Each structure stands twice: as C-alpha cells, then as structure tokens.
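A.B. asks: Sharing a structure below in structure tokens format, with a few things to ask.
Numbering (UniProt numbering), first residue to last: 1 to 199.
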C-alpha cells in the first residue's frame, strides 16, 4: 500500500491495488438461543450477496455464522491480528446481528451474540486501532454495523412513485419510505475527539 500525495491538489489518497485487495470479515448472527431474540429472516440473503460483491471487488472473505460471545470476540481479535494484513492494502468488517441501545454510551451499540450476551461496537472498533492492529496502520479499514441502535421507529414519509421498492405496497402508487434514506453520514473523527488538520 502506497501513500500518494499530490502536492498541487494537496490530496492524500489510499492506493488499493494489492492482490487480494484486502480481507473482509463477515459475521452474521441469524438465529439466537433460548428464543430471547427473533430470528433475523433474510439476513442469509444479505450475507450471500455481500460475500459475492466483495469477492467480485477482489477481496478474500473470512466468514462466520451464528457466534456466541467468546467465539465472536475471538473472530474479531484473530482477524485484526492476521499476519496476512501486512501484504494487502485494506480491510473491511461487516457485523450483522440484533443490536441494543447502550444506555451508558450513546455513541456505541450493544451487538447481540447468539448466546444472548452483548459485545460493544466500541470494543470492536478498538480492536482495529493502530495499537491492536499494527499490520493495517495507514491502510483503510471500514467497519459496517448492520444492527439496530435502539427501539425507536422511523415513521417514514408517504411518496407517490410507481414501481418503487418500499416498506409497504398497496394498490395505489403511494408508498412509505424511511424519512432518513439515501444518506451516508461520515464524521472526520471519533466522538469527543478533535479533527487533525494539515497546515
């Protein structure tokens, strides 16, 4: 992985050209013991599509399915410490499970494991810090959490668009779409941290 710094444009870019491009960790918790959480129907389809997409992009996949707390933690730490990261240019992590609001830390979400335990999204992020994941220093690392962050519902908004994919479909062309849709939110720093500015 090379840093490409264009002085005229003052742009810092990640160059991702390694073969493979990097590794993707896919964790999908679909079924839960003791019936404490509902089965996440449809997650297997998402899982399969994500796997195929990242393989098409040139990534190698490390996949795990229905993990309890101990296995979940081991999958994360083993992936973060993989020696193979030294030879690739990036890493992607997908966590798919139920999630709960973390009452003690509103910035985090509690990921539900299949044995009805919780693992903090902050703990997962910390495993990919430069301290814990030295083979990925100066390389892009993207973590996706596909999990609820609380119990509030998006009421949505009614729109009139024919043949649109929506939550509900009735006989007319009125459909309900999420109020917050087609939106990617990115912060330049972690909560509570200053932004590093080049001068």
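C-beta: ideal position from N, C-alpha, C; glycine also.
Values in this document were obtained by computation on a predicted structure and should not be read as measured data.
(1) Give the DSSP-derived three-state secondary structure of residue 63 in the structure shown.
(2) Taking 8 angstroms as the cut-off, decide whether the C-beta atoms of residue 33 and residue 115 are in contact.
(3) How big is the Cα-Cα spacing for residue 91 and residue 44?
(4) Please list, in chain order, all residues of the same chain as residue 135 whose beta carbon is under 6 angstroms from its beta carbon, the five residues on each side excluded.
(5) Which same chain residues, not among the five before or five after residue 93, have their C-beta less than 6 angstroms away from its C-beta?
(6) Could you check the C-alpha separation between residue 13 and residue 23 for me, to the nearest Å?
(7) Counting only runs of 3+ residues fully inside the UniProt domain "Caspase family p20" (20–152), write out the beta strand (DSSP E) ranges in chain order.
(8) With a cut-off of 8 angstroms, do at least 3 Cβ pairs link the region 97–113 to the region 66–73?
C.D. replies: From the atom records:
(1) strand
(2) yes
(3) 22 angstroms
(4) 85 and 86
(5) 25 and 143
(6) 19 angstroms
(7) 22–28, 60–65, 90–96, 99–101, 109–112, 118–120 and 141–146
(8) yes
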